[in-house]
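The next block holds one structure in the form of structure tokens; read it before the comments.
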Amino acid sequence: MTQVGEGHETAADEAGPVLTFGAPTVGEILAERYQLEQHVNNDSAGRQVWRGIDVVLRRPVAVVLRHPGGDSAAEMLQAAVAASRVLHPHLVGVYDAIDEEQRAYVVREWVEGESLRDLVAAEGPLDPARAIAIAHSVADALTAVHATGMVHGNVHPGTTLIGDDGRVVLADARADEADSVEADVRAVGGILYFALTGHWPHTEIGRSALPDATRDSAGNPAAPRQIRAGVPAYLDDLTMDLLDRRVPAPAAEAITAELGRLDAAAEEEEFEDVGPLRFVQGGGTSPEQARSAPKILLGVGTLVIIAIVGLVFGIRAISNSSKPGTAPTSAVGANAGGQPGTDPSDAPSQGNPVKIPLTADMVRIVDPPQGDRDDTGESKYVVDGDLETAWKLSYFKQPNFGGRKAGMGVLIHLPEPRALSDVRVFTSAPGAVVDLRVGDKDPGDTSKGDDTIVKTYARLSDADSADLTGDKQILNGFDPDKKYQYVLVFLTKLPRNEDTPGYQVNVNEIELYGY
Numbered sequence: 003m004t005q006v007g008e009g010h011e012t013a014a015d016e017a018g019p020v021l022t023f024g025a026p027t028v029g030e031i032l033a034e035r036y037q038l039e040q041h042v043n044n045d046s047a048g049r050q051v052w053r054g055i056d057v058v059l060r061r062p063v064a065v066v067l068r069h070p071g072g073d074s075a076a077e078m079l080q081a082a083v084a085a086s087r088v089l090h091p092h093l094v095g096v097y098d099a100i101d102e103e104q105r106a107y108v109v110r111e112w113v114e115g116e117s118l119r120d121l122v123a124a125e126g127p128l129d130p131a132r133a134i135a136i137a138h139s140v141a142d143a144l145t146a147v148h149a150t151g152m153v154h155g156n157v158h159p160g161t162t163l164i165g166d167d168g169r170v171v172l173a174d175a176r177a178d179e180a181d182s183v184e185a186d187v188r189a190v191g192g193i194l195y196f197a198l199t200g201h202w203p204h205t206e207i208g209r210s211a212l213p214d215a216t217r218d219s220a221g222n223p224a225a226p227r228q229i230r231a232g233v234p235a236y237l238d239d240l241t242m243d244l245l246d247r248r249v250p251a252p253a254a255e256a257i258t259a260e261l262g263r264l265d266a267a268a269e270e271e272e273f274e275d276v277g278p279l280r281f282v283q284g285g286g287t288s289p290e291q292a293r294s295a296p297k298i299l300l301g302v303g304t305l306v307i308i309a310i311v312g313l314v315f316g317i318r319a320i321s322n323s324s325k326p327g328t329a330p331t332s333a334v335g336a337n338a339g340g341q342p343g344t345d346p347s348d349a350p351s352q353g354n355p356v357k358i359p360l361t362a363d364m365v366r367i368v369d370p371p372q373g374d375r376d377d378t379g380e381s382k383y384v385v386d387g388d389l390e391t392a393w394k395l396s397y398f399k400q401p402n403f404g405g406r407k408a409g410m411g412v413l414i415h416l417p418e419p420r421a422l423s424d425v426r427v428f429t430s431a432p433g434a435v436v437d438l439r440v441g442d443k444d445p446g447d448t449s450k451g452d453d454t455i456v457k458t459y460a461r462l463s464d465a466d467s468a469d470l471t472g473d474k475q476i477l478n479g480f481d482p483d484k485k486y487q488y489v490l491v492f493l494t495k496l497p498r499n500e501d502t503p504g505y506q507v508n509v510n511e512i513e514l515y516g517y
């Protein structure tokens, strides 16, 4: 049976809400819109999970109900409202959050598939390549969540869902005051550990439905390689360092990049050639030596970085003080519509950015697996300076490219690295969701190369939601102290096309500005 996610309890759930009077029934319509069709399960905190139908949009939904509503459900509703603001291919979409006092419920995307918890229970521990791919998707979702200042707080095998189409999504954000960015990242280590061993290494409030990890006398979980043969050493080290609180936790963006590198190596079946991990650089022979080395190197690295940053800012301060009339920096604004490159007010005020000439040989279409690559060659139309020509995307039945792939984009390859200011994207209609990503190489104009780009390039920013009302979006997020050579403009969601019953957009022009 199709399952939907459930995670650990938070402190607010410790009492365990139970639906009694006013319990939902099959066929009941909530908020005059969401018809309940099947009671799927109760999660660990007593909430009921139902499969339903949005009778307005005629699409399946998951409905998570809690009794009572009001103050006792505030955390669940607040987390749902916050999660609804983050759109990402590895996050379950949240559609609605309603409090009726007697009961409260969250309506979200229905995922045809099963949770990681149920997958491992049915099939046993996963092979390393699949474990890496799942953890990479979860870390990528957390990167998007943390970029907004939010915490997920419920990264768990029960909320990690694997769709029948292979899509991996994280569901049911449920953060309380005890949760943190670090706890989210440590939970990625837990996801890896569970996928590799079938055991959960973290302590949970209340009774857990997951098998506990094998532990030593101090309560520390045994390493995956001690439980199961065939786990690569690099993956064992990464998992244990993420779980070890003596080793500083990396940012979600950093662990996403590292897992992306390992994911690409796994696809090439080059497990033994991945080299030393960026977070596990020690070369000792014992587990304790392996744990100590990263801490020492991280400490030394931090001191070096602090010294370099101090030197750079000192030199800049001296340089700027000698230049009369230097203008202060400010953020760039966004204007909708207009011709490309004709509005001086569009330019950022930090320095004097100029439009970088782009030619057809500097751009190409990125179409990850499940794509037919029919758009190859269309990229020349987005840099010809003519708004009448365009890269015309295909039509899809759903805005997320029919659920077939993470999206499509244009890769810009500059002849040499240079400081950049922003990217401006002109489309045929408002509503397209576009983000900006960067990497250090082009792995090749192939399906596999495109997949590597999507999985490994770091996301700098998304267009501000206000930009979605116009046909021009300004994307920024470039570090002024860095230089970039490979830039990906990536579309993850298409607007509805008014002329046809589907979702489609044309990309008329892409402009890159730098210093």
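3 is the number of the first residue of the sequence shown in the working numbering; add one for each residue after it.
Virtual Cβ for every residue (Gly too), placed ideally from N, Cα, C.
Q) Just curious, the beta strand (DSSP E) that Ser-423 is in, first and last residue? A) DSSP places Ser-423 inside the beta strand (DSSP E), whose first and last residues are 422 to 429.
Q) Rounded to a whole number of angstroms, what is the C-alpha to C-alpha distance between His-204 and Gly-192? A) In a straight line, the C-alpha of His-204 is about 7 angstroms away from that of Gly-192.
Q: Within 10 angstroms of the Cβ of Asp-142, are there 16 or more other Cβ atoms? Answer buried if so, exposed if not.
A: Its Cβ being crowded by 16 or more others within 10 Å, Asp-142 is buried.
**Q.** Which residues DSSP lists as bridging Phe-398, in chain order
**A.** In the DSSP assignment, Phe-398 is bridged to Tyr-505.
Q. From Pro-127 to His-415, what distance separates their C-alpha atoms?
A. Cα to Cα, the separation comes out at about 41 angstroms.
Q: Please state whether DSSP places Ala-99 in a helix, a strand or coil.
A: Reduced to three states, the DSSP call for Ala-99 is strand.
Q: With Glu-116 as the anchor, note down where its beta strand (DSSP E) starts and where it stops.
A: That run of the beta strand (DSSP E) goes 115 to 117.
**Q.** Whole beta strand (DSSP E) elements within the region 149 to 189, 3-residue minimum
**A.** Within the region 149 to 189, complete beta strand (DSSP E) segments of at least 3 residues are found at 162 to 165, 170 to 172, given in chain order.
Q | Contact check, Pro-130 vs Leu-59, beta carbons under 8 angstroms | A | In this structure, Pro-130 sits away from Leu-59, with a CB-CB distance that is not shorter than 8 angstroms.
Q) So, is Val-190 buried or exposed, given that buried needs 16 or more other C-beta atoms within 10 angstroms? A) With 16 or more other Cβ atoms within 10 Å, it is buried.
Q.
Using 8 angstroms as the threshold, is the C-beta distance between Leu-490 and Val-436 below it?
A. Contact: no.
Q: Please classify His-41: does DSSP put it in a helix, a strand, or coil?
A: His-41: strand per DSSP, three-state reduction.
Q. I think Ser-381 touches Val-427, with their Cβ atoms under 8 angstroms apart; what is that distance to the nearest whole Å?
A. Incorrect: roughly 13 angstroms between the Cβ atoms, too far for contact.
Q.
Taking contact to mean 3 or more Cβ pairs, one atom from each stretch, closer than 8 angstroms, check whether the region 165 to 185 and the region 217 to 230 are in contact.
A. Result no; under three Cβ-Cβ pairs closer than 8 angstroms.
Q) Which residues in the same chain as Val-88 place their Cβ atom closer than 8 angstroms to its Cβ, once the five residues preceding and following it in sequence are excluded? A) If we look at Val-88 and ignore the five residues flanking it on each side, its Cβ neighbours are Ala-146, Val-147, Thr-150, Met-152.
Q: Could you have a look at Leu-261 and say whether DSSP puts it in helix, strand or coil?
A: Leu-261 falls in the helix class under three-state DSSP.
(Q) Using CA atoms only, rank isn't needed, just tell me which of Arg-366, Gly-115, Arg-49, Ala-251 is closest to Val-109. (A) Distance from the Cα of Val-109 is smallest, within the candidate group Arg-366, Gly-115, Arg-49, Ala-251, for Arg-49.
Q. Secondary structure at Leu-67, three-state DSSP: helix, strand or coil?
A. Here Leu-67 sits in strand by DSSP.
Q: Kindly list the residues whose CB is nearer than 7 angstroms to the CB of Tyr-36, restricted to its own chain and excluding five residues on each side of it in sequence; keep chain order.
A: Gly-54, Asp-56, Val-63, Val-65, Val-109, listed in sequence order.
Q. Considering only the beta carbon of each residue, do Leu-438 and Gly-479 sit closer than 8 angstroms?
A. A contact, by the Cβ cut-off of 8 angstroms.
Q | Three CB pairs or more closer than 8 angstroms across the region 155 to 172 and the region 113 to 123 | A | With a cut-off of 8 angstroms, the region 113 to 123 and the region 155 to 172 count as touching, because enough Cβ pairs lie within range.
Q: Identify whether Tyr-517 lies in helix, strand or coil by the three-state DSSP scheme.
A: Of the three classes helix, strand and coil, the one that applies to Tyr-517 here is coil, per DSSP.
Q.
Using a Cβ-Cβ cutoff of less than 7 angstroms, which residues in the same chain neighbour Leu-462 once the five nearest sequence positions on both sides are dropped?
A. Hits under 7 angstroms: Leu-438, Arg-439, Val-440, Gly-479, Phe-480.
Q. Which partner residues of Arg-498 appear in the DSSP bridge assignment?
A. Per DSSP, Tyr-505.
Q: Would you kindly report the start and end of the unbroken beta strand (DSSP E) that includes Gln-475?
A: DSSP places Gln-475 inside the beta strand (DSSP E), whose first and last residues are 474 to 477.
**Q.** Burial state of Tyr-397, where buried means 16 or more other Cβ atoms lie within 10 Å
**A.** The residue is exposed, with fewer than 16 neighbouring Cβ atoms inside 10 Å.
Q) Count the other CB atoms within 10 Å of the CB of Ala-362; is the residue buried (16 or more) or exposed (fewer)? A) By the neighbour-count rule (16 or more Cβ atoms within 10 Å), Ala-362 is not buried but exposed.
**Q.** Val-122 and Phe-196 closer than 8 angstroms at C-beta
**A.** Yes, they are a contact pair.
Q.
Nearest by alpha-carbon distance to Ser-368: which of Arg-406, Gly-433, Lys-484, Gly-446 is it?
A. The displayed chain sequence assigns Val, not Ser, to residue 368. If we check each option's Cα against that of Val-368, Gly-446 comes out closest.
Q | Residue of Ala-225, Ser-182, Arg-366 minimising C-alpha distance to Trp-202 | A | Residue Ala-225 is the option with its Cα nearest to Trp-202.
Q) Does the beta-carbon of Lys-407 have 16 or more other beta-carbons within 10 angstroms, so that it is buried, or is it exposed? A) Under this definition Lys-407 is a buried residue.
Q | First and last residue of the uninterrupted alpha helix (DSSP H) at Lys-357 | A | Counting along the chain, no alpha helix (DSSP H) covers Lys-357; the unbroken beta strand (DSSP E) around it starts and ends at 356 to 358.
Q) Roughly how many whole angstroms lie between the Cα atoms of Thr-161 and His-92? A) Rounded to the nearest angstrom, the two C-alpha atoms are 12 angstroms apart.
Q: Counting only the same chain and skipping the five closest in sequence on each side, list residues whose C-beta sits under 7 angstroms from that of Ile-455.
A: Excluding residues within five positions, the ones whose Cβ falls inside 7 angstroms are Val-368, Leu-413, Gly-441, Pro-445, Leu-490.
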